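Only one structure is covered here, and it is reproduced in the block below.
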Amino acid sequence: MDRWVLHFDMDAFFASVEQLTRPTLRGRPVLVGGLGGRGVVAGASYEARVFGARSAMPMHQARRMVGAAAVVLPPRGAVYGMASGRVLDTVREVVPVLEQLSFDEAFGEPVELAGADADAVERFCERLRARVREQTGLVASVGAGSGKQLAKIASGLAKPDGVRVIRRAEERALLAALPVRKLWGIGPVAEERLHRLGIDTVGALAALTDSEVADVLGSTVGAALHLLARGIDDRPVAERAGAKQISAESTFAEDLTTLDQLRDAIVPIGEHAHRRLQRDGRGARTVTVKLKKSDMSTLTRSATLPYATVEEATLIGTARRLLLDPMDIGPIRLVGVGFSGLSDVRQESLFPDLDQALEASDDRQAGPAPVIAPAPTGWRVGDDVVHDRFGHGWVQGAGHGVMSVRFETRASGPGVMRTFPVDDAEIRRADPLDSLDWPEFVAARAASAPVGEDAGDG
132 MDRWVLHFDM
142 DAFFASVEQL
152 TRPTLRGRPV
162 LVGGLGGRGV
172 VAGASYEARV
182 FGARSAMPMH
192 QARRMVGAAA
202 VVLPPRGAVY
212 GMASGRVLDT
222 VREVVPVLEQ
232 LSFDEAFGEP
242 VELAGADADA
252 VERFCERLRA
262 RVREQTGLVA
272 SVGAGSGKQL
282 AKIASGLAKP
292 DGVRVIRRAE
302 ERALLAALPV
312 RKLWGIGPVA
322 EERLHRLGID
332 TVGALAALTD
342 SEVADVLGST
352 VGAALHLLAR
362 GIDDRPVAER
372 AGAKQISAES
382 TFAEDLTTLD
392 QLRDAIVPIG
402 EHAHRRLQRD
412 GRGARTVTVK
422 LKKSDMSTLT
432 RSATLPYATV
442 EEATLIGTAR
452 RLLLDPMDIG
462 PIRLVGVGFS
472 GLSDVRQESL
482 FPDLDQALEA
492 SDDRQAGPAP
502 VIAPAPTGWR
512 VGDDVVHDRF
522 GHGWVQGAGH
532 GVMSVRFETR
542 ASGPGVMRTF
552 PVDDAEIRRA
562 DPLDSLDWPE
572 FVAARAASAP
582 VGEDAGDG
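Residue numbers for the sequence shown follow the numbering used here, so the first one is 132 and each next one is one higher.
What follows is the structure, given as structure tokens:
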């Protein structure tokens, strides 16, 4: 009862980093995510959320909701990773031990808050938020409670841009009124099972006996969830050992017999794995595809990129190019996509399709190397560029032989926009990290990268 756990959560992180590094976008509805027909929203600014846009929504749906005012940008994983590093380094100056959950959230349990009253905890959280805002320009919400469950609930109540401390006297009432799905570990299957029994709130679950919960949810999981529902959460806060691989797979009701079927099927599997990669907060360097045939034998193929990345198009495009034709190898009953070579060092691809030529390999030698698509040409909205006279900027629009570039960085304030021919020799691709304008921090992070991790040469 003497402990205080904090949940630190950056507000609309991906979109906020875009608004930080591209000051013209501040106050505008920003959507970050895939731009193609299957694109999904990875992040939405609060200005976009007003219209109903949210993460994991199909991009075309979000664009319709926001309308013509929407600013849609491709993700820049390298920039988010660097911003995350600086934010968490800043937090660690005050809270040395952090259990990082993703790019933008972490638990902490400051030793100096043990036994403190709620007012002192609130002052501590406000100072922490102010420190992060001052050193990074980014906004965080902080929740505090007697355990991880309550701290995470509190940070959700604090959003946006706030602090919420759940005092001991209010814990039970606050928990009891929440929908049962809000409880950590309750997924859609468990939720449906509880709803069929008329258990719709956390309070209703807490009121069950231990044996009743075990009958519904199982003896092991049920016992843990029953404790959480009653506000009992003694799970420690500890630095997490990173997973070596992040993957997803699916078994099909009917075997896949054509390459087109396989290519269509692998996209949602890759997107699922990619969402898990984003939550992990690291980039991946190696993509592996697993194919289980109808005779239960398994083939795996992998490709290694020259850098770790979170760019969805590059990772899923690599997976698609590793596929083998079922006409050659036999019907496929299961497909899996795995990302490994995980690293805090991330570099966005400048020519993602060209990257597929790199180091394609098959550990079972089961077929030819993937076909290499030609490198893309031209510029897309959101590309980082540099000009000899105007410095760093980003492509705000391109078409009909011309491109509009907004020259600005985090430190510059809103910049001027200029128009150039798309083949202007003075415009070159730039390192996206330069938009942060943290040269000393970026250099220090690069120098401390683990041996063998290639950050890419930009």
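Yeah, the Cβ is synthetic: ideal placement off N, Cα and C, and Gly gets one too. Treat the numbers as computed from the prediction; the structure is a model and nothing was measured.
The alpha helix (DSSP H) runs of length 4 or more contained entirely in the stretch 291-338 are, from start to end of the chain, 302-308, 319-327 and 333-337. In this structure Leu328 is exposed. Its beta-carbon is surrounded by fewer than 16 other beta-carbon atoms within 10 angstroms.
For Ser433, the enclosing beta strand (DSSP E) starts and ends at Thr429 to Thr440. Residue environment: Met458 is assigned as exposed (fewer than 16 neighbouring CB atoms within 10 Å of its CB, all protein chains considered). Annotation for Gly532: Pro552 and Val553 place their beta carbon closer than 7 Å to its own, counting only its chain and skipping 5 residues before and after. A contact is defined here as three or more CB-CB pairs under 8 Å, and the stretch 508-526 fails this definition with respect to the stretch 132-140. Ranked by Cα distance from Thr221, the options Pro205, Gly239, Leu204 and Asp341 are led by Gly239.
A straight line joining the alpha-carbon of Leu336 with that of Ala354 spans about 11 Å. Rounded to whole angstroms, the gap between the alpha carbons of Gln231 and Phe144 is 15 Å. If you draw a straight line from the Cα of Lys279 to the Cα of Arg366, it comes to about 7 Å.
Residue environment: Asp514 is assigned as buried (16 or more neighbouring CB atoms within 10 Å of its CB, all protein chains considered).
According to DSSP, Gly167 shares a beta bridge with no other residue. It is roughly 13 Å from the alpha-carbon of Asp364 to the alpha-carbon of Ile284. Collapsing the DSSP output to three states places Ser176 in coil. At the C-beta level, Ala415 and Leu454 stay beyond 8 Å of one another. In the DSSP assignment, Ser233 is bridged to Glu236. Glu380 has Gly467 as its beta-bridge partners, per DSSP. The Cβ atoms of Arg258 and Trp569 lie no closer than 8 Å to each other. Within the DSSP bridge table, the entry for Lys279 names no partner.
Contact annotation, Leu358 with Leu348: C-beta distance approximately 12 Å; criterion of less than 8 Å not satisfied. By the criterion of at least three beta-carbon pairs nearer than 8 Å, the stretch 187-197 is not in contact with the stretch 420-439. By the criterion of a C-beta distance shorter than 6 Å, Leu325 is surrounded in its chain by Val311, once the five residues flanking it on both sides are discounted. Judged by DSSP in its simplified three-state form, Gly524 adopts strand.
Relative to the Cα of Gly268, the nearest Cα in the group Asp331, Ala214 and Gly401 belongs to Ala214.
Excluding residues up to 5 positions away in sequence, Asp140, Asp142 and Ser272 lie with their Cβ nearer than 8 Å to the Cβ of Lys290 in the same chain.
In this structure the stretch 429-441 does not touch the stretch 382-400; the number of beta carbon pairs closer than 8 Å is below three. Here Arg153 is near Trp525, since their CB atoms are less than 8 Å apart. In this chain, Val225 is not harboured by any alpha helix (DSSP H), its DSSP state being neither H nor E. In this structure, DSSP gives Ala143 a state outside helix and strand, which the three-state scheme calls coil. Among the bridge pairs identified by DSSP, Leu422 is matched with Leu430 and Val466.
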